[in-house]
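To keep things clear, I will list the structure first and then write my remarks on it.
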Amino acid sequence: MNVVKYYAGIPAILVVALSACTAVKVRPIEDRSKMANVCIERNPAVQVSDFLPVLRDGLSRNGVRSFVFAGDPPADCEFIVTYTARRSWDLAPYLAHAEIRVERDGLQVGYGEFHLRGGGGYSMFKWQGTKAKMDPVIDQLFADQAL
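Going letter by letter, the sequence shown gives residues 42 to 188 in this note's numbering.
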């Protein structure tokens with residue numbers, strides 16, 4: 042057996058294995074034409090300290106103003122964003138799972154999810170920051186489909 046041929050496929054296998062650790066699901070908001078601002082319900086259970094600022098920055102980057110509330114939503118909130126984020130630990134804490142839901146009049150109109158399969162395994166990507174992980178999800182979720 043030729044040793045070179047045997048080991049030549051290992052880098053390709055590693056690339057596939059490492060890239061398969063991340064799952065992103067997005068159901069974008071179909072018509073953002075009337076979405077000038079949204080109200081974000083603060084989730085005190087989220088321990089990822091920079092999640093809310095990353096979410097708000099992503100909304101702003103996509104032309105959407107955001108307001109944060111706790112408790113009952115203000116009466117003028119047409120779109121309500123809720124979120125959850127969980128972290129895992131492997132030498133340091135890192136974002137392992139997050140979901141963003143967008144509702145209008147009580148109906149879900151958009152959904153975005155980031156998930157590290159198997160806790161990220163040996164992927165070095167798992168230690169990247171919240172911004173690197175969530176910006177693509179936010180950009181897909183709030184992309185203006187009407188343009």
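Note that CB positions come from ideal geometry on N, CA and C, so glycine has one too.
Requested in this report: Would you list the one or two residues that DSSP bridges to V143?
Outcome: Locating residue 143 in the sequence shown gives position 102, where the first residue counts as 1. Beta-bridge pairing links V143 to V122, G151.
Query raised in the report: Do you know how far the Cα of H156 is from the Cα of V178?
Result: Start at 1 with the first residue of the sequence shown, and residue 178 comes out as number 137. Start at 1 with the first residue of the sequence shown, and residue 156 comes out as number 115. Taking the straight line joining both Cα atoms gives about 11 angstroms.
**Report entry** Among R73, F183, T125, L148, the one whose alpha carbon lies nearest that of D91
**Finding:** Looking up residue 91 in the sequence shown gives position 50. Taking the Cα of D91 as reference, the smallest distance to any Cα among R73, F183, T125, L148 is reached at T125.
Query - Residues bridged to T171 (per DSSP) - result: Taking the first residue of the sequence shown as 1, we reach residue 171 at position 130. For T171, which the question treats as bridged, DSSP gives no partner whatsoever.
**Report entry** DSSP-derived helix/strand/coil call for V89
**Finding:** Along the sequence shown, read from residue 1 onward, the residue named residue 89 stands at position 48. Three-state result, V89: coil.
**Report entry** Residues that I70 bridges to, as DSSP identifies them
**Finding:** Counting from one through the sequence shown, the residue named residue 70 turns up at place 29. Beta-bridge annotation (DSSP): I70 is not paired with any residue.
Report task. Drop a sphere of 10 angstroms on the beta-carbon of A228, count the other beta-carbons inside from all chains shown, and report buried for 16 or more, exposed for fewer. Result -> Summary: the structure shown does not reach residue 228, with the chain confined to residues 42 through 188, and so no result is reported for it.
**Report entry** Proximal residues to S107 (C-beta, below 6 angstroms), its chain only, five neighbours per side dropped
**Finding:** Here residue 107 refers to the residue found at position 66 of the sequence shown. Only residues of its own chain outside the window of five on either side were considered, and among them V79, I81, R97, L100 have a CB closer than 6 angstroms to the CB of S107, listed in chain order.
Requested in this report: Taking all protein chains shown into account, decide if K66 is buried (16 or more other Cβ within 10 angstroms of its Cβ) or exposed.
Outcome: The residue given as residue 66 occupies position 25 in the sequence shown. The residue is exposed, with fewer than 16 neighbouring Cβ atoms inside 10 Å.
Query raised in the report: When the distance is taken between beta carbons, is G147 closer than 9 angstroms to R68?
Result: Locating residue 68 in the sequence shown gives position 27, where the first residue counts as 1. Locating residue 147 in the sequence shown gives position 106, where the first residue counts as 1. It is not a contact, given that the beta carbons lie outside the stated cut-off.
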